[in-house]
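Protein chains in written order, with the numbering used here: chain A, 1 to 253; chain B, 254 to 506. Cβ coordinates follow ideal geometry from the N, Cα and C atoms, glycine included.
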């Protein structure tokens, strides 16, 4: 294991009580003094600090959008990404079983450990220090956030994209199912008649196939290069559909 | 509406920017500058402060229990109770419709407004002031918390009560259903053979009836006055069942 001092440098924070950092890095598979209580504390200080940052940065958006943005920024995969930038896996203290099964790469363990570190900093030096450490990691991310889209699912995004152009909503149709009942795959077609767009995508559930089809439909709409209100130009650029990396069914096949 | 100054006294906090308190007290039905963004902020500072208080007070309990306790302390009904102690309904700024329909008594509005006030204090004076205000309201509550039981449902509590006495788990049986399909009522019997306890309770779902039956069974067990490991005295005190305010079915009816 690499010395935690290099992690402190990456965090730009020096622990007064080094045993707190050690505990934050300790998975429950390793020893009894593990990081799960610190994770509880860190999760809540993180949620609050990110809430306050979003509140300040986006003065005009409503609380529903603030919640959606925060949920996306503090979700496991987002935390695990930050943990990777800190090379956190090098410092983890895991039990033998977890070590062998690659626990140091597992997003859940990385995310939980990062939260535990925030909790440990709060215990070590109080709120301001924890806030500073979190803000330092999150500021570059929050600067780049698009509050209109982050964390929205593809079907919602497609719907908003079409509403913004005053076009009818897309329709989703299951066009095929494959496989046995316990392992079924669905093909869903997403159709936007006003733009002559029909794309289809597979998924292990109807919902998953719809979301993937919506993702492809968004790409198809964007490939048309429509500005707002320019829907009437859609038909002239129909060939843009064909540049997509997905099978685009022809309307009159 | 009573002057917000008396509310500030109840909160033991004086706002530098009085318009923040006004906004925190303003429901969205009243005007555009309402409290929903402040509620988002206040909810997250509250969650964090209560997490930190529980972490400190209960040094030995695990993160699952900490989460359960916190969820119970910050849930709507708990917040509404605190709001009532502050006489918050006197200060609410509601639209006409909400006023007429008694919105000032609605637990959701009271709870949301209290959260918005915490958010407003944070904006007005920073984290320490918000923490102080929250801690002042929550400390007496947290002092009285039983970490073993708070927020557990009756079936879980009954199970733990019996396990602590090394007795078999209770059984739940639907003994009757009444009413039409869309409006059915269930009678569920909870039986603890080792203690000769059988109680039954109604509910609009099987689950609700089971929980109510468990509540009554807990009362029946407690009425037996058993110390831990004193289960064998149960039969001698069978008559204690009859003192319950609920119908106790006789074993051999």
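Residue i, buried or exposed, once every other Cβ within 10 Å from all chains shown has been counted against 16
i	result
residue 26 (chain A)	buried
residue 495 (chain B)	The pLDDT assigned to residue 495 (chain B) is 32, lower than 50, so where the model puts this residue is not dependable, and the model offers no usable value.
residue 504 (chain B)	Residue placement at residue 504 (chain B) cannot be trusted, given a pLDDT of 34 that sits under 50; what the coordinates show is reported in the next sentence. Burial call: exposed.
residue 232 (chain A)	Residue placement at residue 232 (chain A) cannot be trusted, given a pLDDT of 42 that sits under 50; what the coordinates show is reported in the next sentence. Classification for residue 232 (chain A): exposed.
residue 79 (chain A)	buried
residue 276 (chain B)	buried
residue 436 (chain B)	exposed
residue 173 (chain A)	exposed
residue 366 (chain B)	buried
residue 383 (chain B)	buried
residue 381 (chain B)	exposed
residue 475 (chain B)	exposed
residue 6 (chain A)	exposed
residue 318 (chain B)	buried
residue 483 (chain B)	Reliability fails at residue 483 (chain B), whose pLDDT of 43 lies under 50, so the model's placement of it is uncertain and the value that follows must be treated cautiously. Per the 10 Å Cβ criterion, exposed.
residue 215 (chain A)	buried
residue 433 (chain B)	exposed
residue 168 (chain A)	exposed
residue 284 (chain B)	exposed
residue 101 (chain A)	exposed
Residue range of the unbroken beta strand (DSSP E) whose run includes residue i
i	result
residue 444 (chain B)	438-445
residue 174 (chain A)	171-178
C-beta contact flag for residue i and residue j at 8 Å
i	j	result
residue 339 (chain B)	residue 263 (chain B)	yes
residue 323 (chain B)	residue 307 (chain B)	yes
residue 439 (chain B)	residue 458 (chain B)	yes
residue 415 (chain B)	residue 423 (chain B)	yes
residue 282 (chain B)	residue 351 (chain B)	yes
residue 42 (chain A)	residue 118 (chain A)	yes
residue 154 (chain A)	residue 197 (chain A)	no
residue 109 (chain A)	residue 57 (chain A)	no
residue 387 (chain B)	residue 299 (chain B)	yes
residue 268 (chain B)	residue 44 (chain A)	no
residue 188 (chain A)	residue 164 (chain A)	no
Sheet register partners of residue i (DSSP bridge)
i	result
residue 198 (chain A)	A:191
residue 456 (chain B)	B:439
residue 26 (chain A)	A:93
Residue from the options whose Cα sits closest to the Cα of residue i
i	options	result
residue 166 (chain A)	A:149, A:153, A:178, A:192	A:192
residue 291 (chain B)	B:303, B:424, B:273, B:392	B:273
residue 17 (chain A)	A:189, A:179, A:123, A:107	A:123
residue 286 (chain B)	A:81, A:62, A:129	A:62
residue 405 (chain B)	B:268, B:266, B:320	B:320
residue 389 (chain B)	B:265, B:472, B:313	B:265
residue 364 (chain B)	B:293, B:441, B:442, B:450	B:293
residue 116 (chain A)	A:181, A:208, A:36, A:147	A:36
residue 190 (chain A)	A:212, A:148, A:134	A:212
residue 429 (chain B)	B:399, B:463, B:400	B:463
residue 304 (chain B)	B:341, B:447, B:392	B:392
residue 256 (chain B)	B:478, B:397, B:345	B:345
residue 448 (chain B)	B:412, B:473, B:355	B:473
residue 313 (chain B)	B:337, B:400, B:342	B:400
residue 329 (chain B)	B:261, B:378, B:360	B:360
residue 341 (chain B)	B:261, B:431, B:398	B:261
Host alpha helix (DSSP H) of residue i (start-end)
i	result
residue 260 (chain A)	Because chain A is modelled from 1 through 253, residue 260 (chain A) falls outside the range shown and cannot be assessed.
residue 296 (chain B)	289-310
residue 407 (chain B)	407-417
residue 146 (chain A)	That residue, residue 146 (chain A), is in no alpha helix (DSSP H); it is neither H nor E in DSSP.
residue 420 (chain B)	Counting along the chain, residue 420 (chain B) falls outside any alpha helix (DSSP H), and DSSP gives it neither H nor E.
residue 61 (chain A)	From DSSP, residue 61 (chain A) is part of no alpha helix (DSSP H); its letter is neither H nor E.
residue 181 (chain A)	Element bounds for residue 181 (chain A): n/a, residue is neither H nor E.
residue 32 (chain A)	Element bounds for residue 32 (chain A): n/a, residue is neither H nor E.
residue 101 (chain A)	Note, residue 101 (chain A): premise wrong, no alpha helix (DSSP H); not H, not E.
residue 330 (chain B)	329-338
residue 7 (chain A)	4-11
Within-8 Å CB hit, residue i to chain E
i	result
residue 315 (chain B)	Among the protein chains in the structure shown, which are A and B, there is no chain E.
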